[in-house]
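Below is one structure; the comments refer to it alone.
2 protein chains.
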Amino acid sequence: MTYCVGMLVDRGLVLMSDTRTNSGVDNISVFRKMFTWQVPGERIITLLTAGNLASTQSVVSLLEERTKAPEERDNTLLTSPTMFQVASEIGSLLREIIATRQEANGIRGRDRFTASIIVAGQIRGMEPRLFLIYPEGNFIEAGRDTPFFQIGETKYGRPIIIRGYDPTMSLEDAAKLLMVSFDSTLKANLSVGLPLDLMVIERDTFEAGHERRIAHDDSYFQAISSSWGDALKEAFHSLPDYSFYQGD
Amino acid sequence: MTYCVGMLVDRGLVLMSDTRTNSGVDNISVFRKMFTWQVPGERIITLLTAGNLASTQSVVSLLEERTKAPEERDNTLLTSPTMFQVASEIGSLLREIIATRQEANGIRGRDRFTASIIVAGQIRGMEPRLFLIYPEGNFIEAGRDTPFFQIGETKYGRPIIIRGYDPTMSLEDAAKLLMVSFDSTLKANLSVGLPLDLMVIERDTFEAGHERRIAHDDSYFQAISSSWGDALKEAFHSLPDYSFYQGD
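Chains as they are written, first to last, in the working numbering: chain A, 1 to 248; chain B, 1001 to 1248.
Here it is as structure tokens:
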């Protein structure tokens, strides 16, 4: 399994992914699920991937190949004029890869491969944008009403994002919120695992603002993880006490 | 979907269930998923059900029928000498009902009906006990290491129980903790809905200690729901701030 979140705030984009892949509990590995391309000062684009690893790696490898072949006619990531076109192109690629593999294996219905991709970024002259691409190749865009996307093991870490999100929050606070959301997920589900990758894209900078791999020995993440338990308990006790006799 | 939790603390058992059933989002209904039988002063047994509603209602109806027929030879709920035997009997009943229905419909593999039941209670002379019964009819028992069971839509509300649970907590606090867990789930998932049913079984009383239906207009639940958002935000801000420059 996987857990990735892409979040849009007024000041930019904050993205986080775990790195665990598993095929059964006795076959776990570390794979990067966050990939960034940039033309400094002009554009930065980050992908977060979940689902069938062979499919998402194929998408990323093809995109990567294209960035390295300057004569390649549809060098999507580096030349597309809009983020919408980037998302659209990645969607086609994902759909095609899944479809080809399924047809080759005669796979249908519920056994189909599945994968989804979060695409985030900003191109000069335009707003930061955040998309969620489905295995069918179509996609949706985040906005004021739904300012974040989660993929993979999304449920454990959702309540805290719903409660903690604020569009005006600082990028540091947004990163902290994602750490708490990931910590809640890590505590409850073995299929999501450290290290985590964090990427912060500050609005109108067109470059990676802050990039970090959070490993087991990361002292800040450890502090969040250990103090969140106490903070939650305090929050819990700050709520009005329940009495069996009230209102009866 | 459904969300039910059974929790064992030193002072007894606390149980909560929602009441929403849905078959698609345009066909939702309210059904009770919590059922209690008692012989005051001697035993109290509560069931929480999740999964295929026709199957769990069958189990409950059969159990109920048997309590009303004094000549019925295996009047499990009211005469079984131990909670283990109660769980075992309910397990057989559940397995049988599911198997019969599947065979009659030629259903196999992943399309099978599924349902699970939490059984909680205490019989005089013995400890309070808590079981989780699987559709296969077998079951597990809660203990010190895993003192609570969740069924249905379990993930959203799990992190707060993991963080907030303490075996020495009062029954009032245990009820409050379940309300927070349900509130987190209700906020994130439409398939879990009010009203909620709460049952508190105080150790060695052998009767329903506190029973309550929490409806939309329940002022305590409203207070929890509205103050939990603020309490969480405060907890979040009490954590050490993240800085992009630390440790770099």
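Even for Gly, the Cβ is constructed at its ideal location relative to N, Cα and C.
Task: Cβ pair count under 8 Å reaching 3, the region 8-23 of chain A against the region 94-107 of chain A - done: no
- [ ] Could you confirm whether any beta carbon from chain B is found closer than 9 Å to the beta carbon of Pro-184/A?
- [x] Residue numbering aside, residue 184/A sits at position 184 when the first sequence is read from its first letter. In the sequence on display, residue 184/A carries Ser and not Pro. Yes, contact with chain B.
Task: Complete beta strand (DSSP E) runs within the region 14-55 of chain A (minimum length 3 residues, chain order) - done: 20-22, 28-30, 34-39 and 43-51
Task: Val-9/A, buried or exposed, once every other Cβ within 10 Å from all chains shown has been counted against 16 - done: The sequence position of residue 9/A within the first sequence is 9, counting from 1. Buried: at least 16 other Cβ atoms inside 10 Å.
- [ ] Could you tell me whether the Cβ atoms of Leu-15/A and Thr-49/A are closer together than 9 Å?
- [x] One-based indexing of the first sequence puts residue 15/A at position 15. One-based indexing of the first sequence puts residue 49/A at position 49. Contact: no.
TODO: State the start and end residues of the unbroken alpha helix (DSSP H) segment that holds Leu-190/A.
DONE: As a working note, residue 190/A is residue 190 in the first sequence. Element bounds for Leu-190/A: n/a, residue is neither H nor E.
Task: alpha helix (DSSP H) runs contained entirely in the region 1117-1184 of chain B, provided each spans 4 or more residues - done: 1158-1164
Open item on the list: Taking only three categories from DSSP, how would you classify Gly-229/A?
Closed with: What you label residue 229/A is simply residue 229 of the first sequence in a count that begins at 1. Helix, per DSSP.
Open item on the list: Quick check on DSSP: helix, strand or coil for Asp-1248/B?
Closed with: In the second sequence, residue 1248/B corresponds to position 248, counting from 1. Note that Asp-1248/B scores a pLDDT of 45, beneath 50, so its modelled location is shaky and nothing firm can be said.
Task: Backbone CA spacing between Leu-1239/B and Lys-68/A [nearest angstrom] - done: The count along the second sequence starts at 1 and reaches residue 1239/B at position 239. The count along the first sequence starts at 1 and reaches residue 68/A at position 68. Those two C-alpha atoms are separated by around 43 Å.
- [ ] Taking C-beta pairs closer than 8 Å, name the residues in chain A that Val-1059/B reaches, listed in chain order.
- [x] Counting from one through the second sequence, the residue named residue 1059/B turns up at place 59. Near Val-1059/B there are no residues of chain A at all, since even the closest Cβ is about 28 Å away, more than 8 Å.
Open item on the list: Is it the case that the region 150-157 of chain A contacts the region 176-190 of chain A, given that we only count it when at least three CB pairs across the two stretches are under 8 Å?
Closed with: yes
Task: Cutoff 9 Å: Met-1179/B Cβ touching any chain A Cβ - done: For the purposes of this step, residue 1179/B is taken as residue 179 along the second sequence, with counting starting at 1. It does: the Cβ of Met-1179/B has a partner Cβ on chain A nearer than 9 Å.
Task: Within chain B, partners of Ser-243/A - CB distance below 9 Å - done: For the purposes of this step, residue 243/A is identified with residue 243 of the first sequence, where counting begins at 1. Result: Glu-1172 and Tyr-1220.
Open item on the list: Taking 6 Å as the limit between beta carbons, can you name the residues of its chain near Glu-1211/B, skipping five residues before and five after?
Closed with: Taking the second sequence and counting its residues from 1, the one referred to as residue 1211/B is at position 211. The residues are Met-1199.
Open item on the list: Between Arg-1043/B, Leu-1053/B, Leu-1232/B and Trp-1037/B, which has its C-alpha nearest Glu-1065/B's C-alpha?
Closed with: By 1-based counting over the second sequence, the position of residue 1065/B is 65. Here the closest residue by C-alpha is Trp-1037/B.
- [ ] Using the Cα positions of Thr-1205/B and Pro-1040/B, report the straight-line distance between them to the nearest angstrom.
- [x] Indexing the second sequence from 1 puts residue 1205/B at position 205. Indexing the second sequence from 1 puts residue 1040/B at position 40. Rounded to the nearest angstrom, the two C-alpha atoms are 8 Å apart.
Open item on the list: When you compare the CB positions of Gly-1051/B and Ser-1116/B, do they come within less than 9 Å of one another, or not?
Closed with: Residue numbering aside, residue 1051/B sits at position 51 when the second sequence is read from its first letter. Residue numbering aside, residue 1116/B sits at position 116 when the second sequence is read from its first letter. In contact: Gly-1051/B and Ser-1116/B (Cβ atoms closer than 9 Å).
- [ ] Measure the Cβ-Cβ separation of Gln-150/A and Ile-161/A and say whether it is below 9 Å.
- [x] The sequence position of residue 150/A within the first sequence is 150, counting from 1. The sequence position of residue 161/A within the first sequence is 161, counting from 1. Yes, the Cβ-Cβ distance between Gln-150/A and Ile-161/A is below 9 Å.
Open item on the list: Can you look up Gly-1091/B in the DSSP assignment and give me helix, strand or coil?
Closed with: Numbered from 1 along the second sequence, position 91 holds the residue referred to as residue 1091/B. Gly-1091/B falls in the helix class under three-state DSSP.
Task: CA nearest to the CA of Arg-251/A, picked from Ile-90/A, Thr-82/A and Met-169/A - done: Residue 251/A is absent from the structure shown; chain A starts at 1 and stops at 248.
Task: Closer than 8 Å: Leu-13/A CB and nearest the ligand MN heavy atom - done: Absence of the ligand MN is noted for the structure shown, with no ligands found whatsoever.
TODO: Would you decide whether Thr-146/A is buried or exposed? Buried here means 16 or more other CB atoms lie within 10 Å of its CB.
DONE: Taking the first sequence and counting its residues from 1, the one referred to as residue 146/A is at position 146. It is exposed - the Cβ of Thr-146/A has fewer than 16 other Cβ atoms within 10 Å.
Task: Under the three-state DSSP convention, the category Ile-214/A falls into - done: Looking up residue 214/A in the first sequence gives position 214. Ile-214/A falls in the strand class under three-state DSSP.
Open item on the list: Is the beta carbon of Asn-138/A closer than 9 Å to that of Met-1/A?
Closed with: Locating residue 1/A in the first sequence gives position 1, counting from the first residue. Locating residue 138/A in the first sequence gives position 138, counting from the first residue. It is not a contact, given that the beta carbons lie outside the stated cut-off.
TODO: Look at the alpha carbon of Thr-1114/B and the alpha carbon of Asp-217/A, and state the distance between them as a whole number of angstroms.
DONE: Within the second sequence, residue 1114/B is the residue found at index 114, counting from 1. Within the first sequence, residue 217/A is the residue found at index 217, counting from 1. Computed Cα separation, rounded: 42 Å.
TODO: Answer yes or no: does any C-beta atom of chain A fall closer than 9 Å to that of Pro-1240/B?
DONE: Along the second sequence, read from residue 1 onward, the residue named residue 1240/B stands at position 240. Closer than 9 Å to some Cβ of chain A, the Cβ of Pro-1240/B qualifies, so yes.
Task: Identified DSSP bridge partners for Glu-202/A - done: For the purposes of this step, residue 202/A is taken as the residue at position 202 of the first sequence. BP columns for Glu-202/A point to Gly-12/A.
- [ ] Locate the alpha helix (DSSP H) running through Thr-1076/B, then write down its first and last residues.
- [x] Working through the second sequence from its first residue, we reach residue 1076/B at position 76. Where Thr-1076/B is concerned, the enclosing alpha helix (DSSP H) stretches over 1076-1079.
Open item on the list: Let me check one thing: in DSSP terms, what residues is Tyr-3/A bridge-paired to?
Closed with: As a position in the first sequence, residue 3/A is number 3, starting the count at 1. DSSP lists Gly-152/A as partners of Tyr-3/A.
Open item on the list: Is Glu-234/A close to chain B? Criterion is C-beta to C-beta, closer than 9 Å.
Closed with: As a working note, residue 234/A is residue 234 in the first sequence. Yes, its Cβ sits closer than 9 Å to a Cβ of chain B.
- [ ] Give the residues from the region 1183-1214 of chain B that approach chain A closer than 9 Å (Cβ to any Cβ), ordered along the chain.
- [x] Of all residues in the region 1183-1214 of chain B, Asp-1183, Ser-1184, Thr-1185, Lys-1187, Ala-1188, Asn-1189, Val-1200, Gly-1209, His-1210 and Arg-1212 have a Cβ within less than 9 Å of some Cβ in chain A.
Open item on the list: Check whether chain A comes within 9 Å of Ala-1087/B, counting only Cβ atoms and requiring the distance to be less than that.
Closed with: Reading the second sequence from its first residue, position 87 is the one you call residue 1087/B. Chain A contact via Cβ: absent.
- [ ] Rank Val-86/A, Thr-76/A, Glu-234/A and Arg-32/A by C-alpha distance to the C-alpha of Arg-213/A and give the top, closest one.
- [x] Within the first sequence, residue 213/A is the residue found at index 213, counting from 1. When only C-alpha atoms are compared, the closest one is Arg-32/A.
TODO: Take Gln-1085/B and list the residues in its own chain whose beta-carbon comes closer than 8 Å to its own, dropping the five residues that flank it on each side.
DONE: Position 85 of the second sequence holds residue 1085/B. Same-chain partners within the cutoff: Thr-1076.
- [ ] Please list the residues of the region 149-160 of chain A that have a C-beta atom closer than 7 Å to any C-beta atom in chain B, keeping them in chain order.
- [x] Lys-155, Tyr-156, Arg-158, Pro-159 and Ile-160
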